[in-house]
Amino acid sequence: MRDYHRQVKELHRWEIILARRPAYNAFVRQTFRLPFGHKDFGKVVTVKLQSSSYLPEGGHKRGFDLDQGWVVALAARDATETEIALFVAREAKGRAQRGEVV
Numbered sequence: 100m101r102d103y104h105r106q107v108k109e110l111h112r113w114e115i116i117l118a119r120r121p122a123y124n125a126f127v128r129q130t131f132r133l134p135f136g137h138k139d140f141g142k143v144v145t146v147k148l149q150s151s152s153y154l155p156e157g158g159h160k161r162g163f164d165l166d167q168g169w170v171v172a173l174a175a176r177d178a179t180e181t182e183i184a185l186f187v188a189r190e191a192k193g194r195a196q197r198g199e200v201v
């Protein structure tokens, strides 16, 4: 039980807001870079937990782009070497398709 609590405590947490309700566990097992403003900004992580709730108003006061919408709370672990390699390769492919310098 202690190992589980230590693992949960070590997760990176952040929130995003969406105009439409996200699908159940739509972000789980997806790999992302941590957003600007997070203490480990740019670090590659894999989402483990997702929860959402509707925010009827006051989104701007909480620092979101939208005033109302679905607030999605995400918790992620550090990505493994394999996940990082795949993520970086997909990022490079996307940049090449957009004509950006890789």
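In this note's numbering, the protein residues as written are 100 to 201. Don't be surprised by glycine CBs; every beta carbon is placed ideally from N, CA and C.
Check                                                                                                                                                          : Outcome
Is G136 helix, strand or coil by DSSP?                                                                                                                         : coil
Go ahead and pull the three-state DSSP assignment for E190.                                                                                                    : helix
Let me know if A172 comes out buried or exposed under the rule of 16 or more other beta-carbons within 10 Å of its beta-carbon.                                : exposed
Spell out a yes or no on whether the stretch 147–160 and the stretch 186–194 are touching, meaning 3 or more CB-CB pairs, one atom from each, closer than 8 Å. : no
Output the distance between the C-alpha atoms of R119 and G136, rounded to the nearest integer angstrom.                                                       : 24 Å
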